[in-house]
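Residue numbers (full-length UniProt numbering): 1 to 324.
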């Protein structure tokens, strides 16, 4: 009896062991299938992952500070912030505080005035521009002989902080101001938009560079290189827009037109000295006209002189014959 009980217990142990082994084997096969599935997914084309990540980027915009992109930490650009995976392929969705909150103002102005001496006025303007660290963008001169008017057109650019000082200095050279206007444009929103887009494009470039390091197939490498070329072209274009806007903000533009009327000046001061001067000038002009007229008629003068000489010779010979 005792022997049968012992045999029954041993059979129970064997059956339990067999069931346990079968269960462990089944779990191992399931785990192997899962590992194989993960391996296949890991070996998927980086280009497929790339397109998926770009779609994720479009649906989850990145918040970027106005500081330079290099100052953004790698944990913020990659990593697990805002739902990113352990490979760091997803942008952060965590909000960032905008550090540059200063206003971006573009200030431009125009002024037109009359002055007694355009040369002196121009010299004063150029000295003022040089004093405040500006430069001349355009410098045109014109003379209207019908109206006896001489005019200058200057387009200058000066540091924005000195705009008012230069405008006051230019106004001081005027005898009579015809027009004077100032336009102020707030481009803060546009500046932030361009700066943010530039930061996003640089972050996207870094992500593609990371994918380029992990790509193994030639087709994937070529596709990623094409994407990088497009992104870098966009970065250059956006950087150019940002540089232009920074220049517009840093340097204000001022268009200056000034002129003088010599006719009005002559009418105001008609005196003996002026009349004597004009008489000498007119006499000299008439003398020049006579001289050039003589030069123009020189063939007729030569023919006339020759005819007179021949007539005198003929007359002299005739008198000699009559005397004989």
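Backbone N, C-alpha and C define an ideal beta-carbon position, used for all residues, glycine too.
Just so we're clear, the structure is a prediction, and the values are computed from it rather than from any experiment.
Quiz item: Taking just the CA atoms, how far does residue 184 sit from residue 238?
Solution: 24 Å
Exercise. Give a yes or no on contact between the region 138-156 and the region 208-222, applying the rule of three or more CB pairs nearer than 8 Å.
Key: no
Quiz item: Which ranges would you report for the alpha helix (DSSP H) in the region 151-215 if only whole runs of at least 4 residues count?
Solution: 163-171 and 188-214
Practice problem: Return the chain-ordered list of same chain residues with a C-beta closer than 8 Å to the C-beta of residue 284, the five sequence neighbours on each side being excluded. | Solution: none
Quiz item: Which partner residues does residue 256 have in the DSSP bridge list?
Solution: 111 and 154
Quiz item: Opposite residue 374 in the DSSP bridges: which residues?
Solution: Because the chain is modelled from 1 through 324, residue 374 falls outside the range shown and cannot be assessed.
Quiz item: Taking the alpha helix (DSSP H) that residue 233 falls in, what are its first and last residues?
Solution: 218-250
Quiz prompt | Reference residue 124; option with closest CA among 222, 194, 170 and 107 | solution = 170
Exercise. Just confirm the distance between the C-beta atoms of residue 235 and residue 156, as a whole number of angstroms; I'd bet it's less than 8 Å.
Key: With 8 Å as the limit, residue 235 and residue 156 do not qualify as a contact, their Cβ atoms being about 33 Å apart.
Quiz item: With DSSP run on the structure shown, which of helix, strand or coil describes residue 128?
Solution: helix
Quiz item: For the alpha helix (DSSP H) that residue 289 lies in, which residues bound it at each end?
Solution: 272-296
Quiz prompt | C-alpha gap between residue 248 and residue 158, whole angstroms | solution = 10 Å
Quiz item: Roughly how many whole angstroms lie between the Cα atoms of residue 178 and residue 126?
Solution: 21 Å
Practice problem: Give a yes or no on contact between the region 194-208 and the region 223-233, applying the rule of three or more CB pairs nearer than 8 Å. | Solution: yes
Exercise. Inspect the beta-carbon positions of residue 189 and residue 103 and report whether they are closer than 7 Å.
Key: no
Self-check item: Own chain residues within Cβ distance below 7 Å of residue 139, not counting five before or after
Solution: 154
Self-check item: Cβ separation of residue 109 and residue 182, assumed to be a contact under 8 Å, to the nearest whole Å
Solution: 4 Å
Self-check item: Exposure of residue 224, with buried meaning 16 or more beta-carbon neighbours within 10 Å
Solution: buried
Quiz item: How would you call residue 274, buried or exposed, if buried means at least 16 neighbouring beta carbons within 10 angstroms?
Solution: exposed
Self-check item: Paired residues, beta bridge with residue 301 - DSSP
Solution: In DSSP, residue 301 forms no bridge with anything.
Quiz item: Would you report the Cα separation of residue 186 and residue 149, rounded to the nearest angstrom?
Solution: 39 Å
Quiz item: What residues match up with residue 142 in a beta bridge as DSSP calls it?
Solution: 151
Quiz item: What residue from 316, 151, 199 and 128 has the CA that sits closest to residue 232's CA?
Solution: 199
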